[in-house]
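**Q** Once you've had a glance at the structure underneath, I'll fire off some questions.
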Amino acid sequence: MILVLTGATGTGKSKIAASLAQKINGVVINADAFQVYRELHIATAMPDESLRLSAPHYLFDFIPLDSSYSVYEYQEDLRALLAELAIQGKNAIIAGGTGLYIRAGLYDYEFPEEAAVDLSPYANLDNQALHDVLFQMDPEAAKAIHPNNRLRVLRTIAMILGTGKTKSEILASQKHLPLYDAKFFVLQSDRAPLYERVNARVDKMFEDGLVEENRRLVEKYGRTPRAFRAIGVKELFPYFDGLKTLEECKEDIKKNTRNYVKRQETFFRHQFSLIPVEGEEDILANIS
RNA sequence: GGCCCGGUAGCUCAGCUGGUAGAGCAACGGACUGAAAAUCCGUGUGUCGGCGGUUCGACCCCGCCUUGGGCCA
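Sequential numbering from 11 applies to the first sequence in our numbering.
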């Protein structure tokens, strides 16, 4: 049995997942893009040791902080793990808030072999010119991406050049359906109380030593690791540089987390067919 | 008590010599296939503090009131 437990940040997924795992002979598998990294404990609200000892936990805290990880690696890791668990006859509880990772892992997303591409020839094109380049290669894909979304335009060009296929072709070869017989749950929460919980959680992170943890990691790794784009890390840089007060940075973290919650909910609403639940009981009732 | 600034969108503020208002942030909605806690897009009617006056017409001028801050008594 495969269960997916998602929901906005701060809805209590980690605890419910661990508790559920104990009850149904299951394991918890991370579906959070930043909890995969090592050492980044406070900022990512990594499940603490006692929680992780209460049931087997996988794909947490295992990627070196200064290397980068992506959906592609996640898909491979998750699928390999699910295959192994199936052999062992264990139930999987995939818990986390990164919708793309869940979709790429469980749906028929395909990441074809892709050669590294030198994008430097495009570096000095402006957004519109760059978008025109993409339009020449794959009009359909270009139409779906706003020219200002330079990151995605570049990524799509790299994809096409690196795989020899257009993005449209790749998408057309998929059914956009899950490959696994999984139940998808989403933890519901009203916006206002959720925002309050988010704010309180950020305060708690500061009490738990967020600043100290980040300072230590930045001293060790510099500021370039991709993992430092995490909310709760990057916002502290202006404080380290004496450009903002700690209080201002804390507010930035709260604000960015709230914005993130909103984006997550939009993704969940439109990219999945999810069963809304209020808590653990609803899930147990649904799978028994 | 007198003088000087201010009271415009949830917040910070713009609004040329009068033609009924606009930015940033927030908020809300949306996109999302190798950076996703990322990246990007869309949405601005608000008694312009209140009442009266001048005017064809006032956020903009005048008077009174109210309110916040500062200075002088």
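For every residue, glycine included, the Cβ atom is placed at its ideal position computed from N, Cα and C.
These figures come from a predicted structure and were not determined experimentally.
Note down, in chain order, each residue of its chain lying with its Cβ closer than 8 Å to the Cβ of Thr19, except the 5 sequence neighbours on either side.
**A** The answer, listed in chain order, is Ala55, Gly107, Val208, Thr267, Tyr270, Val271 and Gln274.
**Q** Output needed for Phe238: all residues of its chain with C-beta closer than 7 Å, excluding positions within five of it in sequence on either side, in chain order.
**A** Within the same chain, Phe238 has close Cβ partners Lys244.
**Q** Please state whether DSSP places His156 in a helix, a strand or coil.
**A** Looking at His156 - three-state DSSP - the assignment turns out to be coil, as it is neither helix nor strand.
**Q** Taking the C-alpha atoms as reference points, what is the distance between Ile34 and Gly219?
**A** About 35 Å.
**Q** When the distance is taken between beta carbons, is Tyr111 closer than 7 Å to Ala41?
**A** Yes, Cβ-Cβ distance for Ala41 and Tyr111 is below 7 Å.
**Q** Does Glu223 pass the burial test, meaning 16 or more other C-beta atoms within 10 Å, or should it be called exposed?
**A** Label assigned to Glu223: buried.
**Q** For Val221, which residues of its own chain have a beta-carbon under 8 Å away from its beta-carbon, when the five flanking residues on both sides are left out?
**A** These residues qualify, in order along the chain: Leu246, Tyr249 and Leu256.
**Q** Take every Cβ of the stretch 131-139, pair it with every Cβ of the stretch 199-208, and state whether three or more of those distances are shorter than 8 Å.
**A** With the cut-off at 8 Å, the stretch 131-139 and the stretch 199-208 do not touch.
**Q** Report yes or no: do three or more beta-carbon pairs, one from the stretch 183-197 and one from the stretch 157-172, lie closer than 8 Å?
**A** Counting Cβ pairs under 8 Å, fewer than three are found: no touch.
**Q** Would you call the CB atoms of Pro122 and Thr173 closer than 7 Å?
**A** The answer is yes: Cβ separation under 7 Å.
**Q** Please report how far the alpha carbon of Leu61 lies from the alpha carbon of Ala126, in whole angstroms.
**A** Using only the alpha carbons, I get a separation of about 40 Å.
**Q** Going by CA-CA distance only, name the one from Lys177, Val37 and Ala202 that's closest to Lys100.
**A** Among Lys177, Val37 and Ala202, the Cα nearest to that of Lys100 belongs to Val37.
**Q** Tell me which residue opens and which closes the alpha helix (DSSP H) that Ala139 is part of.
**A** Per DSSP, Ala139 belongs to the alpha helix (DSSP H) from Asn137 to Met147.
**Q** Who pairs with Gly109 in a beta bridge, going by DSSP?
**A** DSSP output for Gly109 lists no bridge partner at all.
**Q** Rounded to whole angstroms, what is the Cα-Cα separation between Asp71 and Arg48?
**A** Roughly 4 Å separates the two Cα atoms.
**Q** Please give the ranges of any beta strand (DSSP E) in the stretch 152-196, keeping only runs that are unbroken, at least 3 residues long and fully inside the region.
**A** Those beta strand (DSSP E) runs which fall completely within the stretch 152-196 and span 3+ residues do not exist here.
**Q** Figure out for me which residue from Leu227, Ile180 and Ser80 has the closest Cα to the Cα of Tyr119.
**A** Answer by Cα proximity: Ile180.
**Q** Using CA coordinates, which residue listed in Leu171, Glu150, Gly289 and His141 is at the minimum distance from Asn158?
**A** Asn158 has its Cα closest to that of His141, out of Leu171, Glu150, Gly289 and His141.
**Q** If we require 3 or more residues per run, which beta strand (DSSP E) segments fall completely within the stretch 58-108?
**A** Taking only runs of at least 3 residues, the beta strand (DSSP E) segments lying wholly in the stretch 58-108 are 101-105.
**Q** Relative to the C-alpha of Leu63, which candidate in Val228, Leu294, Gln32 and Glu290 has its C-alpha closest?
**A** Closest by alpha carbon: Gln32.
**Q** Are Phe307 and Phe282 touching if we call contact CB-CB under 7 Å?
**A** An answer regarding residue 307 cannot be provided, because it is not within the stretch 11 to 298 covered by the chain.
**Q** Can you give me the Cβ contacts of Gly242 inside the same chain, cut-off strictly under 7 Å, excluding the 5 residues immediately before and after it?
**A** Ala53, Met215, Leu220 and Ile263.
**Q** Which of the three DSSP states, helix, strand or coil, is assigned to Asn35?
**A** Coil.
**Q** In the structure shown, what three-state DSSP assignment does Ile285 receive?
**A** It is a strand residue.
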